[in-house]
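Visitor: Numbering of the sequence shown is given in numbering that gives the first Met the number 0, commencing with residue 0 and proceeding in unit increments.
In this text, a Cβ means the ideal position worked out from N, Cα and C, and glycines have one as well.
Submitted below is the structure of interest, expressed as structure tokens.
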Amino acid sequence: MEELMEILNNLHPDVDFAGCKNLVDGKILDSFDIITIISEVAEVFDVTISAKYIVPENFNSAEALYALIQRLEDEE
Numbered sequence: 000m001e002e003l004m005e006i007l008n009n010l011h012p013d014v015d016f017a018g019c020k021n022l023v024d025g026k027i028l029d030s031f032d033i034i035t036i037i038s039e040v041a042e043v044f045d046v047t048i049s050a051k052y053i054v055p056e057n058f059n060s061a062e063a064l065y066a067l068i069q070r071l072e073d074e075e
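Next up, the structure:
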């Protein structure tokens, strides 16, 4: 989780990613941010987030995104 928080904080240092639960729905993250996150996650965690997983529920919080990463790691 520490690596993910670092990715998110580098992207938007002004956002409280630990507490925020509406990153997409609250328009804190936009589509370019999501693409950046997907790229960084692929590099750091060695997982691929395919199009079927690019839904607001998976990106609305750091916890949801980390849960997705863990599921993808288990699949590989």
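1. Locate the alpha helix (DSSP H) running through N9, then write down its first and last residues.
2. Can you check which of these residues, N9, V46, F44 and L64, is closest to N21 by C-alpha distance?
3. Indicate whether L71 and N57 have their beta-carbon atoms separated by less than 8 Å.
4. Taking all protein chains shown into account, do 16 or more other C-beta atoms lie within 10 angstroms of the C-beta of I36, making it buried, or fewer, making it exposed?
5. Please name the residue in E5, L28, V23 and E75 whose C-alpha comes closest to that of I48.
6. Just to check my reading of the structure: P55 and D24 have Cβ atoms closer than 8 Å, yes? What is that Cβ distance to the nearest angstrom?
7. Taking the runs of the alpha helix (DSSP H) that are 4 residues or longer, which of them lie wholly in the segment 31-69?
8. Please classify V43: is it buried, with 16 or more other beta-carbons within 10 angstroms of its beta-carbon, or exposed?
Guide: The structure says:
1. E1 to L10
2. L64
3. It is not a contact, given that the beta carbons lie outside the stated cut-off.
4. Per the 10 Å Cβ criterion, buried.
5. E75
6. The Cβ separation is near 6 Å, so the contact holds.
7. Unbroken alpha helix (DSSP H) runs of no fewer than 4 residues, entirely contained in the segment 31-69, are found at 55-58, following chain order.
8. exposed
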